[in-house]
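One point on numbering: in the UniProt record's numbering, the residue at position 81 of the sequence shown is 81, and numbering is uninterrupted.
The C-beta atom is built at its ideal place from N, Cα and C for all residues, glycine as well.
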Amino acid sequence: MSKFFFKGRRDVMQNHAQSGYNVNRGVKAGTEEAPVSVVVNTEARKAEIEALVAEHAIVANIVVDAAQAENTVALDTLLNKPATITFEKTPNRNDPCSCGSGKKYKKCCG
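And the structure:
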């Protein structure tokens, strides 16, 4: 038997790609393709939600149902996204020290 004999599948990802499943799809919630579902109890609350959705340019399906509990979790998640945290970059070894001593960072605080 030669060393080039391969027993098994030739391309592992072939069936995955043929099925049409796209793992890198860029559909954002609150767009035409994926509207946000919101359940409210009263018509007055529906008007408030509609004004909020129009202000932020979000697409939402608003359902008024007094029997169900109010569910605005998906909308709240879109509106209150956490801000990206950026940290101050530590200086390189040969940069001047940030404490103001005038020395290099590696000789002072590094």
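Per-residue DSSP class, three states only, for residue 44: helix
Helix, strand or coil at residue 27 according to DSSP, with G and I counted as helix: coil
First and last residue of the uninterrupted beta strand (DSSP E) at residue 60: 60 to 64
Through-space distance from residue 63 to residue 80, alpha-carbon basis: 22 Å
Opening and closing residue of the alpha helix (DSSP H) in which residue 95 lies: Premise fails: residue 95 is in no alpha helix (DSSP H) and is neither H nor E.
Of the listed residues 37, 97, 30 and 39, nearest to residue 57 (C-alpha basis): 30
Paired residues, beta bridge with residue 104 - DSSP: 96
Outcome for residue 73 when other beta-carbon atoms lying within 10 angstroms are tallied against a minimum of 16: exposed
Length at least 4, wholly inside the region 68 to 93: the alpha helix (DSSP H) runs in chain order: 73 to 79
Option in 77, 36, 91 and 42 with minimal Cα separation from residue 69: 42
Sequence-distant residues of its chain with Cβ nearer than 7 Å to residue 46 (five each side left out): 40, 62 and 64
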